[in-house]
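Trainee: Below you will find the structure I want to go over with you.
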Amino acid sequence: EQDIPSDHLTPLSIANIPYDNTQSPDLYINIDDYKLSAHKAILARHSLILAAMLQTPKKASQENNEITIEDIDYTTMKSVLKIIYTGSTEDLDNIDTALKVLEAGEKYQMPIVKSASEQKLLFAITDDNVLGLLDEANLHNATSLRYTCIEYIIARGDKVVPSAELTKMCDEMPFIQAA
1 EQDIPSDHLT PLSIANIPYD NTQSPDLYIN IDDYKLSAHK AILARHSLIL AAMLQTPKKA
61 SQENNEITIE DIDYTTMKSV LKIIYTGSTE DLDNIDTALK VLEAGEKYQM PIVKSASEQK
121 LLFAITDDNV LGLLDEANLH NATSLRYTCI EYIIARGDKV VPSAELTKMC DEMPFIQAA
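Per the UniProt record's numbering: the sequence shown = residues 1 to 179.
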């Protein structure tokens, strides 16, 4: 069996499985006070961290095919599952949601989720949010977003960042100075 590199993963939109996963789920994800239905094989294929969680020695809750996730909120995980199962990124039109999904994609090593979020954020850059997005890109190792923010700052210059603040940023983030 040949393993497909994670950067070649695609969403399951061709499988005609709805993102709410009510068709024969074999896993329930407990988040906040909600339960999301999922499929172990699909989650394990899209996330190295979730794959490891599903392979660890079984706790009582895992024997019942349940896992609890405490570091992602329900709405974010619902968006993550929607991306994995359908390829739909409409939830990411909201910048705050896209940033939360980017964080989840990084934290749970989900390349397709991280990439989808990063692509949406690339088209959301404005004079007002470029610095915040640059910080988030650095925090979550979003390389394309980072480079695009830097290019935007260079192109827009003082319209984006007062020169004193730009000098401070160059001191804190040497890669900006190199650009």
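Note that beta-carbon positions come from the ideal geometry of N, C-alpha and C, so glycine has one too. These numbers come from a predicted model, not from an experiment.
Determine, using beta carbons only, whether L139 and C149 come nearer to each other than 8 Å.
Mentor: Counting from one through the sequence shown, the residue named residue 139 turns up at place 139. Counting from one through the sequence shown, the residue named residue 149 turns up at place 149. No, the pair does not count as a contact, with Cβ atoms beyond the cut-off.
Trainee: Taking 8 Å as the cut-off, does the stretch 27-38 touch the stretch 86-102 (at least 3 CB pairs, one atom from each stretch)?
Mentor: no
Trainee: Could you check the C-alpha separation between V130 and T143 for me, to the nearest Å?
Mentor: Locating residue 130 in the sequence shown gives position 130, counting from the first residue. Locating residue 143 in the sequence shown gives position 143, counting from the first residue. Near 14 Å, if we compare the C-alpha coordinates of T143 and V130.
Trainee: Is the stretch 49-58 in contact with the stretch 83-91, if contact means three or more CB pairs nearer than 8 Å?
Mentor: No, the stretch 49-58 is not in contact with the stretch 83-91.
Trainee: Could you give the residue range of the alpha helix (DSSP H) that holds T97?
Mentor: Along the sequence shown, read from residue 1 onward, the residue named residue 97 stands at position 97. Where T97 is concerned, the enclosing alpha helix (DSSP H) stretches over I95 to K107.
Trainee: Mind checking A60: buried by the 16 CB within 10 Å criterion, or exposed?
Mentor: For the purposes of this step, residue 60 is identified with residue 60 of the sequence shown, where counting begins at 1. Low local confidence applies: a pLDDT of 48 at A60 is under 50, so the model's placement there is unreliable, and no value is given.
Trainee: Cutting at 8 Å between CB atoms, please list the residues of its own chain near L43, excluding the five before and the five after it.
Mentor: Along the sequence shown, read from residue 1 onward, the residue named residue 43 stands at position 43. Counting only Cβ-Cβ distances below 8 Å, and skipping sequence neighbours, we find L27, L50, A51, L54 and I84.
Trainee: Of the residues A41, K40, G105 and M173, which one's Cα is nearest the Cα of residue 190?
Mentor: With the chain covering 1 to 179 only, the question about residue 190 has no answer from this structure.
Trainee: Quick one: is A44 near chain D, going by C-beta distance under 8 Å?
Mentor: No chain D appears in the structure shown, which is made up of a single protein chain.
Trainee: For E136, count the other beta carbons within 10 Å of its own beta carbon; 16 or more makes it buried, fewer makes it exposed. Which is it?
Mentor: Within the sequence shown, numbered from 1, the residue matching residue 136 stands at position 136. Buried.
Trainee: Kindly identify the DSSP beta-bridge partner or partners of K40.
Mentor: Position 40 of the sequence shown, counted from the first residue, corresponds to residue 40. In DSSP, K40 forms no bridge with anything.
Trainee: Thinking just about the alpha-carbon of each residue, which of V101, R146 and D127 is nearest to the one in V160?
Mentor: Residue 160 sits at position 160 when you count from the first residue of the sequence shown. Cα-wise, what sits closest to V160 is D127.
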